[in-house]
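Chemist: Below you will find the structure I want to go over with you.
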Amino acid sequence: MALAIDVMRFGLQLVYLREHATLAKISAGFGISESTAHAYTTAIIDLLAERAPGLLKVLRESGLSLVGPSIM
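By UniProt numbering, the letter at position 1 of the sequence shown is numbered 1, and the numbering carries on one by one without gaps.
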């Protein structure tokens, strides 16, 4: 069961990053709540940001609505 959840999370994160799908579309497509989709997508952005300093700044400056506004 855990492997299936990990595969689903990985697929969800790819859809979010590649297709720029809204959380509503992602949650409907994967059969999960929007809050769960938000948690999964936030987790991947945080992981990538940890490994690539400056990623959040670049994403925010890109004009795409992939991440929320900076609170710093």
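From the three backbone atoms N, C-alpha and C, an ideal C-beta is built for every residue, glycine too.
Go ahead and label S35 buried or exposed: buried means 16 or more other beta carbons lie within 10 angstroms of its beta carbon, across all protein chains shown.
Modeler: The residue in question, S35, is exposed, as its Cβ has fewer than 16 Cβ neighbours within 10 Å.
Chemist: As a quick exercise: from E50, H38 and L56, pick the residue whose alpha carbon is nearest that of Y16.
Modeler: If we check each option's Cα against that of Y16, H38 comes out closest.
Chemist: Which whole runs of the alpha helix (DSSP H) in the UniProt domain "Transposase Helix-turn-helix" (13-53) are 4 residues long or more, in chain order?
Modeler: List check, alpha helix (DSSP H) in window: 23-30 and 34-51.
Chemist: Can you have a look at L14 and say buried or exposed, based on whether 16 or more other CB atoms are within 10 angstroms of its CB?
Modeler: L14 is exposed by the Cβ-count criterion.
Chemist: How would you label T41, buried or exposed, when you count the other beta carbons within 10 angstroms and need 16 or more for buried?
Modeler: Buried is the call here.
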